[in-house]
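Going by our numbering, 194 is the number at position 136 of the sequence shown; the sequence numbering is gapless.
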Amino acid sequence: MVTIIFLIYRRLTGAAVNAREPPVLAISSIWHIIGMVRYKGDHLKSLSLKYMDWPVFTLKIFSTNIYVVNTPQYIQAILGNTKSVSFYPFHIAFTNRALGARQEIKDIVAHNGADNRYMRTIHHEMYNALQLGPHLIETKGRVVKTLAQYFNDIDASPQTRSLFDWMKVVYTIALADSFYGPDNPIRKNLEFVKHIWEFEEGLPMLFLDFFPSITARKAWNARKTLTPAFEDYYNKGLDKNANAFIAGRARAARVEEFTNNDLAGFEITICFAALTNTVPNSFFMLCNTLADPILTADIREEVSKIVTRTILGRRVVLTLDISSLEEDCPLLVSCYHETLRMCVNATPVRVVMEDVILKDRYELKKGGVIQIPGGALHESECIWGGDAGVFNGRRFLQKKQLSREQRKAQTQGLFPFGGGKHLCPGRHLAFSEIASFVAMMIYGFDVKMRDGGLIKPPPFKVQQLGENSKKPKHDIEVIIARRKDFEGAVWAFKVETAPGAPST
59 MVTIIFLIYR RLTGAAVNAR EPPVLAISSI WHIIGMVRYK GDHLKSLSLK
109 YMDWPVFTLK IFSTNIYVVN TPQYIQAILG NTKSVSFYPF HIAFTNRALG
159 ARQEIKDIVA HNGADNRYMR TIHHEMYNAL QLGPHLIETK GRVVKTLAQY
209 FNDIDASPQT RSLFDWMKVV YTIALADSFY GPDNPIRKNL EFVKHIWEFE
259 EGLPMLFLDF FPSITARKAW NARKTLTPAF EDYYNKGLDK NANAFIAGRA
309 RAARVEEFTN NDLAGFEITI CFAALTNTVP NSFFMLCNTL ADPILTADIR
359 EEVSKIVTRT ILGRRVVLTL DISSLEEDCP LLVSCYHETL RMCVNATPVR
409 VVMEDVILKD RYELKKGGVI QIPGGALHES ECIWGGDAGV FNGRRFLQKK
459 QLSREQRKAQ TQGLFPFGGG KHLCPGRHLA FSEIASFVAM MIYGFDVKMR
509 DGGLIKPPPF KVQQLGENSK KPKHDIEVII ARRKDFEGAV WAFKVETAPG
559 APST
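In structure tokens, the structure reads:
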């Protein structure tokens, strides 16, 4: 009888046979698959929240071990381990399945398990171009120059816009100008904006690579349409106007004898990767701030201190200094971090390349897949308190009131940009893009719902598998008009000055 009770207990609690292995969640593979189909990106997060007491647990999906990691200290140990666990198998699979690359290019990417000259050079060029320094300053200057053009197109008369769709266009053109220079394919053909977002929406089916021209028609067509446009861009030598990241990436590819067509086939992934987190995060930061009149007023007061007024001929020029945002606008920065906490539900993945003992406790077996449901930690009441499910723009101003243990838990429990070797290199640019846009919108414009009421943030859409940031379930119709004090003024941005370069 005792034996039967013990076996039932192990079945119900998911206790593993080997004491060093993470406990196994006693749910069948079929139920996991049904959960992923029905709840998509929320499936793993909900399981993680339910079993938050387990630092690591195992899902058995047929013959594969899925190790779900729940605890910040174990997450940091995994993200910092580039020998025993690796992201490269997913990179190889993405190249093979989603990009339509020819076999020679697939072989270059996959050589030595993707730990090769080409991949190391790309990694170096990307981080060098987007780390704090002169290359990043140049790219930020290009971004805000385009943003200013859109802000200056908004006059005093109210204009009705579908906010999320409008922001997609604004950010996509700003990205294209900043990465590829002013003479880029996307600025020449605004239909490409739609294609980039269709690629992102259809990527899960495209990744399956099962008759993609039928099962992922829009994404497949988007890739097919943008590739010749970017090939023409490279054929004409227009990449001489590209930023340091695109230029460095092209150099690395040409060393490996990539053709211009090969290069062009990768560009749609650069575009969607740079946009599909920035735009929804900026959208929700703006909406959640404008939904609170007191928060809006306080941020306007902050931003007013970093805006200078000059006279240029007969025009008043109002210049927002984005280099001062982090230091002089703490409430805006708090709203930014709170937006990432609420909106980023990323699940970093790794493959176990060799048996490894995690922090002297859990044994992870070679061939297993590690998944880290970041959204579960971002929404954990144990870490963020009872209001974890509510947007609190002042949350990150209150850290001094927390205990040392609480501050540590919140610091480790927020990782919207991943970590370790694959810490997102675009995180500094993302802050500048989002904070500068939201700061200018709040300071310079009145934004209301079409009926004249306060902004009502829409609910989140169910996330697709593989999506990092939550998107709105539906767009909202808003009325945007200049604030009366700024009618006729010219908007501009200022970025920090790189050594030997004039400010922008």
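Yeah, the Cβ is synthetic: ideal placement off N, Cα and C, and Gly gets one too.
These numbers were taken from a predicted model, which means no experiment stands behind them.
Candidates the options, of which the one nearest residue i by Cα
| i | options | result |
| --- | --- | --- |
| V227 | C329, R419, I415 and V361 | C329 |
| P517 | H532, G524, G511 and E525 | H532 |
| Q522 | A84, V82 and G99 | G99 |
| A488 | K417, V391, I534 and Q459 | V391 |
| K514 | N123, I537 and N526 | I537 |
| R372 | G546, Q468 and R78 | G546 |
| T204 | V82, M177, S494 and D445 | S494 |
| M499 | S362, I304 and I244 | S362 |
| L389 | E359, R160, T366 and M94 | E359 |
| T140 | Q459, A172 and T129 | A172 |
| A287 | I244, I304, P270 and A300 | I244 |
| S340 | L102, V313 and V402 | V402 |
| G524 | V127, L261 and V167 | L261 |
| I428 | R408, A446, L190 and R219 | R408 |
| K252 | S236, I231, T377 and N242 | I231 |
| A349 | N450, F222 and K417 | N450 |
| T179 | I150, M400 and R312 | R312 |
| E535 | L370, Y238, S527 and M507 | M507 |
| D235 | V202, N279, Q456 and D320 | V202 |
| A151 | L264, L353 and L188 | L264 |
| D111 | G138, P81, K466 and M94 | P81 |
| L353 | L190, L105, R452 and S87 | R452 |
For residue i: DSSP bridge partner residues
| i | result |
| --- | --- |
| L416 | Y420 |
| Q217 | I538 |
| I428 | Y125 and R408 |
| R373 | L370 |
| W549 | L376 |
| T116 | V82 and Y125 |
| V402 | S527 |
Collapsed DSSP secondary structure at residue i in the structure displayed
| i | result |
| --- | --- |
| S381 | helix |
| Q468 | helix |
| L344 | helix |
| K294 | coil |
| S362 | helix |
| L353 | helix |
| T555 | coil |
| V201 | helix |
| S438 | coil |
| L266 | helix |
| G323 | helix |
| R452 | coil |
| E289 | helix |
| E315 | coil |
| T334 | coil |
| I91 | helix |
| T71 | At T71, the pLDDT of 41 sits below 50, so the modelled position is not reliable; the number obtained from the coordinates is stated separately. Three-state DSSP puts T71 in a helix. |
| N242 | coil |
| D100 | helix |
| A280 | helix |
Environment of residue i [buried if 16+ CB atoms lie within 10 Å]
| i | result |
| --- | --- |
| C345 | buried |
| W549 | buried |
| P474 | buried |
| C393 | buried |
| E439 | exposed |
| E412 | exposed |
| S271 | exposed |
| A274 | buried |
| T194 | Before going further, note that residue 194 is Leu rather than Thr in the sequence given. So L194 counts as buried. |
| P240 | exposed |
| Q468 | buried |
| F23 | As displayed, the chain neither begins before 59 nor continues past 562, which places residue 23 out of reach and without an answer. |
| D509 | exposed |
| D543 | exposed |
| E385 | exposed |
| H182 | exposed |
| S527 | buried |
| T122 | exposed |
| D165 | exposed |
| L481 | exposed |
| D223 | exposed |
| S220 | exposed |
beta-carbon residue i near the ligand PLP non-hydrogen atom, thresh 7 Å
| i | result |
| --- | --- |
| P517 | Because no ligand of any kind appears in the structure shown, any question about the ligand PLP cannot be addressed here. |
Beta carbon proximity, residue i to chain B, threshold 8 Å
| i | result |
| --- | --- |
| V407 | Annotation note: the requested chain B is absent from the structure, which comprises a single protein chain. |
Completely contained alpha helix (DSSP H) runs for the stretch 474–545, where each covers 4 or more residues | 485–502
Runs of alpha helix (DSSP H) lying entirely within the stretch 131–182, each at least 4 residues, in chain order = 146–156 and 161–168
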